Amino acid sequence: MADEALEKLLAYGWPGNVRELANVIERAVVLGDGPQLTPHHLPARVVGAQPAGRLNETSYHEAINSYRRELIVRALADAQGNRVAAAKALGINRTHLLKLLKLLHIT
65 MADEALEKLL AYGWPGNVRE LANVIERAVV LGDGPQLTPH HLPARVVGAQ PAGRLNETSY
125 HEAINSYRRE LIVRALADAQ GNRVAAAKAL GINRTHLLKL LKLLHIT
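Our numbering applies: residue 65 is where the sequence shown begins, and numbers increase by one.
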C-alpha cells in the first residue's frame with residue numbers, strides 16, 4: 065500500500081467502522097490495476113477526508129477564535145474590505161466588528 069493511500073485511510077472517520085474499512089480495501093484490491101494500492105484506488109469520500117485535529121492540540125478558545133477569524137476574513141473579502149458591509153453580513157454592529165478585528169489581530 066502506498067504511503068499516500070495509508071494516510072488517506074487514517075484520515076477518514078470510518079462511520080461504518082471495520083466493515084466499511086474492509087469493504088473499501090476489498091474493493092480497491094479487486095479493482096486495482098497494479099501491485100500497490102494508491103489513493104487512485106480509493107473512493108472519493110476517503111480521498112477527500114481531512115485529518116481530524118486532536119483535542120489536546122487546540123484549546124476551546126483557540127478553536128473559537130480561529131473560526132471567528134475565518135468568518136471575519138471571509139466577510140471582509142466578500143465585502144471588498146468594507147467593514148460596515150462585512151459587519152452587516154455577519155449580523156453584528158460595526159463597533160463590535162472593530163473590537164473583534166483588534167482582539168483577533170486582523171488588519
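Even for Gly, the Cβ is constructed at its ideal location relative to N, Cα and C.
Since we're looking at a predicted model, the values are computed, not measured.
- [ ] Pick helix, strand or coil for residue 156, following the three-state DSSP scheme.
- [x] coil
Open item on the list: Please tell me whether residue 157 and residue 150 are closer than 8 Å, where the distance is taken between their beta carbons.
Closed with: no
Open item on the list: Can you give me the C-alpha to C-alpha distance between residue 100 and residue 90, rounded to a whole angstrom?
Closed with: Cα-Cα distance, rounded: 13 Å.
Task: Nearest to residue 167 (by Cα), restricted to the options 86, 83, 130 and 78 - done: Minimum Cα distance to residue 167 is reached at 130.
Open item on the list: I'd like the list of long-range same chain contacts for residue 165, defined as Cβ closer than 6 Å, with 5 residues on each side in sequence excluded.
Closed with: none
TODO: State the CB to CB distance for the pair residue 69 and residue 106, rounded to an integer number of angstroms; the pair is presumed to be in contact (CB under 8 Å).
DONE: 6 Å
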